[in-house]
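Undergrad: Under the UniProt record's numbering, the residues of the sequence shown are numbered 1 to 1023, in order.
C-beta: ideal position from N, C-alpha, C; glycine also.
Below: one structure in structure tokens.
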Amino acid sequence: MKIAYLRQIGFWSTIFSCMCTCMTSPLGNETDRLALLHLKNEVTGDPFQIISSWNDSLHFCQWKGVICGPKHDHVQRVKALKLRGHSLAGTISAHIENLTFLTSIDLSNNTFHGGIPKEIGHLFQLQHLDLSQNSLQGQVPASLTHSSNLRSIILCYNLLDGNIPDELSSLPKLRELHLDSNNLTGSFPPSLGNLSTLAQLSLGYNNLHGRIPDDIGRLTNLVLFQVGDNRLSGVIPAPLLNLSSLMYFAAAKNKLQGSIPADFGPALPNLKVVYLGANLFSGPIPASISNASGLSDLDLTENNFSGPVPSSLGTLHDLTLLGLGDSRLGGLQGGVDFDFLTCLINCSYLEVLTLSGNQFTGELPISVTNLSSHLKQLRLERNHVRGSIPAGIDRLADLTLLCMEENTLTGTIPTGIGKLYKLGSVDLSGNRLTGQVPSSIGNLTQLTSLRLGGNGLEGSIPSTLGNCQKLNELDLSDNNLNGTIPTQIFRISSLSIFLDLSKNSFNGSLPLDIGHLMSLTELDVSMNDLTGEIPSMLGECSSLVSLYLDENHFQGAIPPSLDSLRGVQHLGLSCNNLSGLIPQYLEEFPFLQYFNLSFNDFEGEVPKRGVFANASAISVVGNKKLCGGNPMLLLPMCSKEKQKDLHFLVITVPLVGMIVLSVLLSSMYVTFSTARTLRKNPSSRSAVNYQFPKVSYADLLKATNSFSSANLIGLGSHGFVYKGNLFYPKKVVAVKVINLMQHRASTSFTAECEALWNIRHRNLVKILTACSSVDYKGNNFKALVYEYMPNGSLEKWLRPDVDDDRSESRILSLPQRINIAIDVASALDYLHHHCHTTIVHCDIKPSNILLDDDMNAHVGDFGLARLLFEGTNNFHQVQTCSIEMRGSIGYIPPEYGISGYISTYGDVYSYGILVLEMFTGKKPTDGMFKDDISLHLLAKGSLPEHVMDIVDPQLLSEAITCEKNCNKEKDGLHDCLVSVIRIGVSCSESSPIERMDVADVVMKLHSIRESYHKTVNREKLGA
């Protein structure tokens, strides 16, 4: 009886236990669920609705980014968080410590800020921690040492500061430690030598100082050692040579000194990459370095080496990069400087060979033409190379860059150079080359830079050069060239940096085709024999910053059309036969710093304002008929009679030009292109007042992780947009890198700078700064830096990518669409009516409307924008459009293709199409629109009864909900959509004068929104 009773108790106990297990297992572990919700609560930005989808409709193990392990005792626990690259913002909750089964955390490539929670150290099972590419601050938590199972710690590309904690040295299983690209200070901790399992150690791009400790030699499993771009000093420690497994050794940009150890190669035979450039190394390059036979990259640039380049480097068959520039190599007796080049023939994979800025002397051996067929860059500039350019240079068929400037090369430019079809940059300037410019250069259609100045070239410029339609810069100065300047040169519309034809013997007039160079920054045709008048078409070159026409035979007056060159800083007209009055519009040039009018035949009174107020900035000597002006010019006073006679001319002559020309602003472009455009007068650089934070190419490279495809967030007609984390200033930004290979890309850069320089509005994308520089390959680089918009473009919300797992969450409600329509209209109202100078955007479309955290809309991409006369508010006061159509197909107003004029009404048309697209979900270029059917006509024909037949299907769900629940709200929805579609139709009428003014659009939309909200609220209160 008793035994049976006990058995019965056991039976029911087992049943009760099973029931409890069955009841709890569907919900999982409550601790994990609550911890995840705490994490969610501290996320303030979630543009792709990743964290926002975490709710009780799904088991937490099915939440996006959450990975659970197998069930244990019928309970699943969170094993990993994988939330990489979702643009999440906010802080990392300390409640993460309650996810006690976590083995992996990956929150990289987001915008988390604040400190790294020290509570992560309580996750004793954690093996992988990746918080890289965020904006995390504070110190590296010493508490991480408690997570003794950690295999990898990746905290690079943040804003961490302070010292590297010694405590990290007690992690017995750590294999990867990446702390690079932060603001860490202090010395290199010797204690890291205790990490016997460490395979990767990356501490570069910080502010570490002191020596590399000998203790590093105890890391016998080390494969990667990266400490570049710090302030480390001393010598390469001898114990480091014990690391025979080392494959990647980077210590460039420090203050390391002494010599490279003689047994460097034999001791480190597995090396693949060595970066030791920009240090203070001296002595010879050890020949034994070739014992590391697998070397692919060897960069020793910017050091103080001596002696020859070891011929043994030719045994490195896998070598792809050899950088020996600016290292004081060469200068040996007996003409043996280039012996190593012949040995490099065996390096059949070599792509980059940099020998610039050394003391190499002698003739180039013919063997240079037998270097690797994969060679892309050959740099020999700033040496003492003599003799001719080898005729077989055309064998290097993959060359994209050839730099041999500032040597003593003689002979002619080989015609075979025209067979190097991939060449993008050629610099042979500053030599003693003779003969003609080969016409075969016209075959180099990929050329962006051609510099042949400072030689003895003769004959005329070959017209075939006009085939090089990607040229950004052309320098033929200081030669013996003659004849007329071929018009084909002035039809290379891509010329944007400079065109320098000075110090030659060109004759004839300056062709009218010069007006095609609308993107050109600097033009120098001084010291030639040019005649005729200054062409009025020069006024079309509205991007000019420096213009030099000195020492020619130009005659006549300064044309009124030059009034449009409002961005000019340097203007040289001296030593010509120019006459007439000095135009008073020159007083209004805000950036003019240097103006030379000397030795001409100008007459009348010298203006007194603007640049004329600074006597040291202008020169008027040699003009005997001038009077007045700044007393410092020591000119005679003007008589009253002369002033009366000239008064009429001074007023009327410039007035004609001012009526027909626009007032172009180029202040921002001037500011950020100073380094390139002021090469004629470097001392004037300090005069520029930078009002925006200065960023370099290196800053942007670092901010975007070397313009990684993982950071690519947009693609436009003139460039690529990357998300970046700027260190100075500390800010998440969007970096628009201009693709200068695209036609008119540089013009787009200029236009955007001009438009955004002095405008501020809550619904315009805020520009933070700009960068006009060169990249590490010597290529021109231009970029604009904007405030980052976490929710991306309106285009992505209207048409989510089907392959995007976030597409289901990208749904815009009716109130959101109305708000966006109001925001865009408000921005246009500001541009059209409230700016000092009216701005026409010219490219309103969904991809140019960006959304912030709160789904507020911001108008961006001013690459096609134009500035009109102040006070231009009607269709009859417009500005002529460029030859190319301005805008995007489907959004371009019909009058642009007929009359070639732009106006504010063009933006209204594009806006109308945008509104119709937002509320119908149909693109204006949809295949259904052909023959006589268009989006405008479809919408117009639906009014008012059939509006619900054409609206976006996503909005129909709101209509269905209303139909089931509330008749009044349904009526309010219908009325709202009818009113909005009417606005879209009215704005997109074919006749400009029939379109609504955007100020009226703003008022009408506010009224529609208020009316709809009242209807909805009344219905809810009634319920």
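1. Once DSSP output is grouped into helix, strand and coil, what is the label at D1000?
2. Check each candidate in N623, L355 and D926 and name the one with the smallest Cα separation from N600.
3. Determine the closest residue to R231 out of Q488, L184 and L851, with distance taken between C-alpha atoms.
4. Near L831, what residues of its chain come up, given a Cβ to Cβ distance below 6 Å and the 5 sequence neighbours on each side ignored?
5. Is the beta carbon of Q228 less than 7 Å from the beta carbon of A252?
6. Whose CA, out of T837, M789 and P237, lies closest to the CA of L88?
7. Restricting to Cα atoms, I'd like to know which of P636, P213, S1011 and P266 is closest to L626.
8. Taking 7 Å as the threshold (C-beta atoms), are P924 and G890 in contact?
9. Where are the beta strand (DSSP E) runs, 3 residues long or more, that stay fully inside the region 523-592, in chain order?
10. With H, G and I counted as helix, E and B as strand and the rest as coil, what does DSSP make of F60?
11. Between the beta-carbon of I538 and the beta-carbon of I514, is there less than 7 Å?
12. Under the three-state reduction of DSSP, which class applies to N242: helix, strand or coil?
13. With a floor of 3 residues, list each beta strand (DSSP E) that falls wholly inside the region 190-227, ordered by position along the chain.
14. Below 8 Å on the Cβ atoms is my guess for L457 versus N443; work out the distance and round it to an integer in Å.
15. Can you tell me which residues form a DSSP beta bridge with G105?
16. In three-state DSSP terms, what is K707?
17. Taking just the CA atoms, how far does T91 sit from T42?
18. Using only the alpha-carbon positions, how far apart do C842 and Q954 sit?
19. Starting from L914, trace the alpha helix (DSSP H) both ways and give me its first and last residue.
20. Just curious, the alpha helix (DSSP H) that E795 is in, first and last residue?
21. Kindly provide the ranges of any beta strand (DSSP E) runs that are 3 or more residues long and lie completely inside the region 277-313, ordered along the chain.
22. What span of residues does the beta strand (DSSP E) with A397 cover, start to end?
23. Taking 6 Å as the limit between beta carbons, can you name the residues of its chain near M527, skipping five residues before and five after?
24. Go through its chain and collect everything with a Cβ distance to N242's Cβ below 6 Å, but skip five positions before and after it.
25. At a cut of 8 Å, does the region 108-119 reach the region 65-78 through at least three beta carbon pairs?
26. Would you call the CB atoms of F506 and I485 closer than 7 Å?
27. Counting along the chain, where does the alpha helix (DSSP H) carrying H936 start and finish?
28. Assign Y275 to one of two classes, buried (16 or more other C-beta atoms within 10 Å of its C-beta) or exposed (fewer than that).
29. Taking G265 as part of the alpha helix (DSSP H), name the residues at either end of that continuous run.
30. Let me know if D932 comes out buried or exposed under the rule of 16 or more other beta-carbons within 10 Å of its beta-carbon.
31. Have a look at Y896 and C987 and give me their C-alpha separation to the nearest angstrom.
32. For N482, write down the residues that DSSP places opposite it in a beta bridge.
33. So what does DSSP say about S519, is it helix, strand or coil?
34. Since D861 sits in a beta bridge, which residues does DSSP pair it with?
35. What does the alpha-carbon distance come out to for the pair residue 1057 and L573?
36. Decide if P189 is buried, meaning its Cβ has at least 16 other Cβ atoms within 10 Å, or exposed.
TA: With the given structure in hand:
1. helix
2. N623
3. L184
4. I839
5. Residue 228 is actually Gly in this sequence, not Gln. The answer is yes: Cβ separation under 7 Å.
6. Checking every option, the nearest Cα to that of L88 belongs to M789.
7. P636
8. With a cutoff of 7 Å on beta-carbon distance, G890 and P924 are scored as near each other.
9. 529-533, 546-548, 553-556, 570-572 and 577-580
10. helix
11. With the sequence shown as reference, residue 538 is identified as Leu, and Ile is not the correct amino acid for it. In this structure, I514 lies closer than 7 Å to L538 by Cβ.
12. N242 falls in the helix class under three-state DSSP.
13. For secondary structure counted as the beta strand (DSSP E) over 3 or more consecutive residues, the region 190-227 holds these complete runs in sequence order: 200-202, 209-211 and 224-226.
14. Their Cβ separation, rounded to whole angstroms, is 18 Å, which puts L457 and N443 out of contact at 8 Å.
15. For clarity, residue 105 is Ile in the given sequence; the question names Gly instead. Bridge partners of I105: L81 and L129.
16. Looking at the sequence itself, residue 707 is Phe, so the reference to Lys does not match. F707: coil per DSSP, three-state reduction.
17. Going by the sequence as given, residue 42 is Glu instead of Thr. For E42 and T91, the distance between alpha carbons rounds to 6 Å.
18. 29 Å
19. T904 to T920
20. Per DSSP, the unbroken alpha helix (DSSP H) holding E795 starts and ends at L794 to L798.
21. 280-283 and 297-299
22. It is not in any beta strand (DSSP E) - A397 carries neither H nor E in the DSSP assignment.
23. Counting only Cβ-Cβ distances below 6 Å, and skipping sequence neighbours, we find S502, K503 and E551.
24. Cβ neighbours of N242 beyond the five flanking positions: G217.
25. Pairwise C-beta distances place the region 108-119 out of contact with the region 65-78, as fewer than three of them are shorter than 8 Å.
26. yes
27. L935 to S942
28. buried
29. Segment F264 to A267, the alpha helix (DSSP H) holding G265.
30. exposed
31. 16 Å
32. S505
33. coil
34. Partner(s): none; D861 has no beta bridge.
35. Only positions 1 to 1023 of the chain appear in the structure, and residue 1057 is not among them; the question remains open.
36. buried
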